[in-house]
Amino acid sequence: HSRQNLQRVLPILEEPLNPRTLLGINNRDLTRMVTDLGQTTELLKLVPDPSMLVSESGIRTSDDLAHLRSHGVHITLIGEHLMRQPDPGQALKAMLEPVD
3 HSRQNLQRVL PILEEPLNPR TLLGINNRDL TRMVTDLGQT TELLKLVPDP SMLVSESGIR
63 TSDDLAHLRS HGVHITLIGE HLMRQPDPGQ ALKAMLEPVD
């Protein structure tokens with residue numbers, strides 16, 4: 003997702019924002035297939051309400067979660083990292099313990 007994509011979507015969102023509205027920001031550059039959490043922190047500046055934001059992709063550690071939380075992001079989509087673990091549930095628990 004890019005700044006241009008976000009700028010196209012923001013006018014469509016209801017004002018005032020519906021509390022059930024979620025807006026995902028994909029940290030994965032789909033052309034190069036690399037992730038950068040800076041994508042979320044940069045685009046977050048354009049979002050009127052960070053509570054609606056879902057940071058997607060590239061989240062691998064409790065430090066990643068803490069970094070996003072420090073920027074006001076409280077919803078994340080963690081998929082690939084967990085699916086590559088022998089015990090996804092235990093990996094998620096380990097990621098969440100230091101954040102709580």
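Sequential numbering of the sequence shown, starting at 3, is according to our numbering.
The beta carbon of each residue, even a glycine, is placed where N, CA and C say it ideally should be.
Just so you know, these numbers come straight off a predicted model, no measurement behind them.
CA nearest to the CA of residue i, picked from the options
i	options	result
G26	Q92, H69 and H76	H76
L79	H73, L8, R62 and S72	R62
S4	D31, D51, M35 and P50	D31
E99	Q87, S72, D65 and P52	D65
S72	S53, V11, L24 and R10	S53
P13	E82, M35, E44 and P50	P50
E44	G74, D89 and T23	G74
Supposed contact pair residue j and residue i - C-beta distance, whole angstroms, cut 8 Å
i	j	result
G60	T33	Wrong, their Cβ atoms sit about 15 Å apart, outside the cutoff.
According to DSSP, residues forming a beta bridge with residue i
i	result
S57	I27 and T78
T43	DSSP lists no partner for T43.
Within 8 Å, strictly: CB atoms of residue i and residue j
i	j	result
L67	L8	no
S57	N20	no
L70	T42	yes
L55	L46	yes
A96	L84	no
Terminal residues of the alpha helix (DSSP H) in which residue i lies
i	result
P90	P90 to L98
D38	No alpha helix (DSSP H) contains D38, which DSSP labels as neither H nor E.
L11	It is Val, not Leu, that sits at residue 11 in the sequence shown. V11 -> alpha helix (DSSP H) spans R5 to V11.
L70	S64 to S72
Residue-level contact to chain D via CB, residue i, 8 Å cutoff
i	result
L15	Of the chains in the structure shown, none is chain D; there is only one protein chain.
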